[in-house]
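Asker: My structure is below; once you've seen it, I'll send some questions.
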Amino acid sequence: MKVFVKVTETGSLSGAARMLKLSNPSVTRHVADLEAYLGARLLNRSTRRISLTDTGSAYLERCKQVLADLEQATLVAGMHAANPSGVLRINAPLSFSVHHLGRVLPLYAERYPNVELDVTLSDRVVDLVEEGFDLAIRIGKLQNSSLVMRRLVAARVLTCAAPAYLAQHGVPLHPDDLARHKCLTYAYSQPDNEWRFQRDGKSHTVRIHGGLHCNNGDLLLAAALSGMGIIRQPTFIIGDAIRDGRLQPLLTGYQGDELAIHAVYPSRQHLSAKVRTFVDFLAQQFGDVPAWDRDLPI
1 MKVFVKVTET GSLSGAARML KLSNPSVTRH VADLEAYLGA RLLNRSTRRI
51 SLTDTGSAYL ERCKQVLADL EQATLVAGMH AANPSGVLRI NAPLSFSVHH
101 LGRVLPLYAE RYPNVELDVT LSDRVVDLVE EGFDLAIRIG KLQNSSLVMR
151 RLVAARVLTC AAPAYLAQHG VPLHPDDLAR HKCLTYAYSQ PDNEWRFQRD
201 GKSHTVRIHG GLHCNNGDLL LAAALSGMGI IRQPTFIIGD AIRDGRLQPL
251 LTGYQGDELA IHAVYPSRQH LSAKVRTFVD FLAQQFGDVP AWDRDLPI
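If you read the sequence shown in full-length UniProt numbering, its first letter stands for residue 1, the second for the next number, and so on.
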């Protein structure tokens, strides 16, 4: 269609060939293939001049409109690729989002006002493609998949209890002591009835039990603060309670797990500006030393 329009504009096959930087036979073939596809003659050809048939004249106006629409569509697509806009559908963990994602979303929205944020909070692992999410924030070990993963920041995991609980039940000094305590467990930990520690290159695994098993870290925090038992949670949930003394860190000579927080999205190819800018923004906001770990006494 582009070749056909250019032929009519220049008045010759050779003129169109020069403008489009094609060979004369190539231009002739394009026009012939178009006529064969349509089953109609578009041009009257002679050795001296080219003119439009009635069909060609009607078809030319349609071609110009189609090509103009295509150019506009290409321009719009390019603008969307360069400038973040549209709805950004995000899946993120509940507790992390309430404590920390919520405070940075207004900053992103202020910087990119043409992006509408649609956030779904859930600790389960969603299927991004099937459920229509642009990206997800995931914490912990990630299963191998075709998803693109970008590490944003680390979060430490600490073992803690309220001073009231420790006053009544004693302070565990070795991981094995936890087997005799009430340990409040998180449903999405694998395995959920074992806590692992390391010290001087040696691993210590202890089977734990308690009176509460839950799929939400904030509820476990509330239970621990009431003196119900010992919890092992990331510092982005329990950091404030440690800082103000409502929770006391335990077994500080033993290293616990460190959780990585990732942004995951379906593909690296043709990554939209809204996804790219949001992931870059999160990495910048959380930084090497995240806010939840600053000024911790451990």
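Built from N, CA and C at the ideal position, the CB exists for glycine as well. Small disclaimer: the values here were computed from a predicted structure and weren't measured.
Kindly indicate which three-state DSSP category residue 153 falls into: helix, strand or coil?
Answerer: Here the question's residue 153 lines up with position 153 in the sequence shown. The answer is strand: DSSP assigns residue 153 an E or B state.
Asker: Determine the burial state of residue 70: buried for a count of at least 16 other Cβ atoms within 10 Å of its Cβ, exposed for fewer.
Answerer: If you number the sequence shown from 1, residue 70 lands on position 70. Label assigned to residue 70: exposed.
Asker: Is it right to say residue 298 is buried, meaning 16 or more other beta carbons lie within 10 angstroms of its own, or is it exposed?
Answerer: Taking the first residue of the sequence shown as position 1, residue 298 is located at position 298. With fewer than 16 Cβ atoms within 10 Å of its Cβ, residue 298 is classed as exposed.
Asker: Ends of the beta strand (DSSP E) at residue 53?
Answerer: Here residue 53 is taken as the residue at index 53 of the sequence shown, counted from 1. Here residue 53 belongs to no beta strand (DSSP E), and DSSP marks it neither H nor E.
Asker: On the criterion of 16 or more Cβ atoms from any shown chain inside 10 Å, does residue 72 qualify as buried, or is it exposed?
Answerer: The residue given as residue 72 occupies position 72 in the sequence shown. Flag for residue 72 reads exposed.
Asker: Going straight from the alpha carbon of residue 38 to that of residue 55, what length do you get?
Answerer: Locating residue 38 in the sequence shown gives position 38, counting from the first residue. Locating residue 55 in the sequence shown gives position 55, counting from the first residue. Looking at the two C-alpha atoms, the distance is approximately 10 Å.
Asker: Quick check: what's the CA-CA separation for residue 33 versus residue 131?
Answerer: The residue given as residue 33 occupies position 33 in the sequence shown. The residue given as residue 131 occupies position 131 in the sequence shown. Roughly 43 Å between the two C-alpha positions.
Asker: Buried or exposed: which applies to residue 134, given that a residue is buried once 16 or more other Cβ atoms fall within 10 Å of its Cβ?
Answerer: By one-based count along the sequence shown, residue 134 stands at place 134. Its Cβ being crowded by 16 or more others within 10 Å, residue 134 is buried.
Asker: Note down the Cα distance separating residue 178 from residue 208, rounded to an integer number of angstroms.
Answerer: By 1-based counting over the sequence shown, the position of residue 178 is 178. By 1-based counting over the sequence shown, the position of residue 208 is 208. Roughly 6 Å separates the two Cα atoms.
Asker: Tell me, please, whether the segment 102 to 121 touches the segment 147 to 164 by the rule of three or more beta-carbon pairs shorter than 8 Å.
Answerer: No, the segment 102 to 121 does not touch the segment 147 to 164.
Asker: Could you give the first and the last residue of the continuous beta strand (DSSP E) run that contains residue 44?
Answerer: Within the sequence shown, the letter at position 44 stands for residue 44. From DSSP, the beta strand (DSSP E) with residue 44 extends over 43 to 45.
Asker: CB-CB under 8 Å to residue 176, same chain, minus the five flanking residues each way: which ones, in chain order?
Answerer: Taking the first residue of the sequence shown as position 1, residue 176 is located at position 176. Same-chain partners within the cutoff: 204 and 206.
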